[in-house]
Each structure stands twice: as C-alpha cells, then as structure tokens.
Amino acid sequence: MWGRGTPAVHGRVSFVLTFLGDALKGAIVIFIGEYFNLSPELLLGGLGFAILGHVKPFTLKFKGGMGISTFIGGMLAFEPLTAFVIIFGFLLLYPFFKSFTFAGLGSFVLIPLSFHFFGIQPLVILITCVLVISILFIHREDIFARLDKRVKN
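Quick note: the sequence shown uses my numbering, first residue 336, plus one each step.
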C-alpha cells in the first residue's frame with residue numbers, strides 16, 4: 336500500500352518518509368547486530384527476518400509491503416558500497432528494460448557478484464543470494480504481470 340503507489344495517493348513526501356522508515360528497519364537490524372559483534376552471516380540472517388516481518392507482519396494479518404526498502408536499508412548498512420552497485424546496475428539496465436521494476440530488481444542481482452569482487456566471504460555471498468532471490472520471489476506476480484504486458488504489446 337505504501338510502496339510505489341504512495342506518491343500518486345499520498346504525495347512524494349509520504350513516499351520518501353515511508354521509504355526512509357522502511358529502510359531504517361533494515362539498517363537498524365544490521366547496526367544492532369554490529370553493536371553486539373555478530374558475524375556477517377547472522378547480520379544478514381537478521382535482515383532476512385526483518386524483510387519477512389515487513390512482508391508478512393502478523394499485526395496486519397500477514398499483509399505487508401514488498402521488502403525493497405527494508406532490503407536496501409539493510410544492505411547499505413551492511414556494505415555502504417552497495418549503493419554504487421544498485422545505482423550503477425539501475426543505470427546500466429534501465430536503457431535495456433525501460434522498466435523501473437526490472438532495472439531495480441536486476442540491479443539487486445549484481446549485489447552478490449559485487450560482494451565477490453569486494454572480497455567478502457563465500458557464505459555471506461550465498462546468504463546475500465538467498466536474500467536477493469527472496470526479493471525476486473516476493474515480486475514474482477509483478478514481474479510476471481509486466482512480462483505478460485510486454486508480450487501482448
């Protein structure tokens with residue numbers, strides 16, 4: 336409800352505040368884990384649970400958001416260079432896909448690959464792959480709907 340449709344319904348300020356609040360959820364999980372010196376694997380596991388809680392909150396009858404903002408906030412807190420990967424990936428992919436959704440989700444696929452070049456441990460890369468695949472799975476209906484629309488046009 337408060338994701339991409341927010342600007343049209345509630346305005347851009349609401350969208351930005353919602354994005355920042357959701358991103359902060361992911362970042363706080365990482366920051367608290369770092370405060371307690373948890374391993375990178377546990378930090379990302381915690382982020383996975385934060386995303387799950389965002390997507391399926393029991394207080395809202397398991398109907399939540401799509402997890403993008405929480406994922407971005409957590410990944411930026413975990414590895415700030417991820418911002419450049421997401422921006423570069425988006426700018427690289429958008430001219431080909433001409434879709435904010437495909438370019439944005441596609442840029443997330445580059446995160447585990449970039450972690451390899453950053454010298455991050457293989458298990459952390461694997462967990463990051465699981466998080467990215469989870470985000471793609473959460474968005475599967477939107478992906479298929481957009482693909483179907485492209486095929487018909």
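Ideal Cβ positions, reconstructed from N, Cα and C, are used throughout, including at glycine.
These figures come from a predicted structure and were not determined experimentally.
Item                                                                                                                    : Value
In whole angstroms, give me the CA-to-CA distance for F443 and I421.                                                    : 6 angstroms
In terms of residue numbering, what span does the alpha helix (DSSP H) encompassing M410 cover?                         : 403-413
Less than 8 angstroms between the CB atoms is what I'm expecting for I478 and T463, so what's the real figure, rounded? : Not really, about 20 angstroms apart at Cβ, beyond 8 angstroms.
Please state whether DSSP places P392 in a helix, a strand or coil.                                                     : coil
Pick from G400, V364, F431, K484: whose alpha carbon is nearest that of F350?                                           : G400
State the DSSP-derived secondary structure class of K398, mapped to helix, strand or coil.                              : coil
Taking the alpha helix (DSSP H) that S442 falls in, what are its first and last residues?                               : 435-452
Reducing DSSP to helix, strand and coil, say where G346 ends up.                                                        : coil
Which one of T417, L416, G439 has the shortest CA to CA distance from L427?                                             : G439
G441 and G424: beta carbons closer than 8 angstroms?                                                                    : yes
Using three-state DSSP, classify L416 as helix, strand or coil.                                                         : coil
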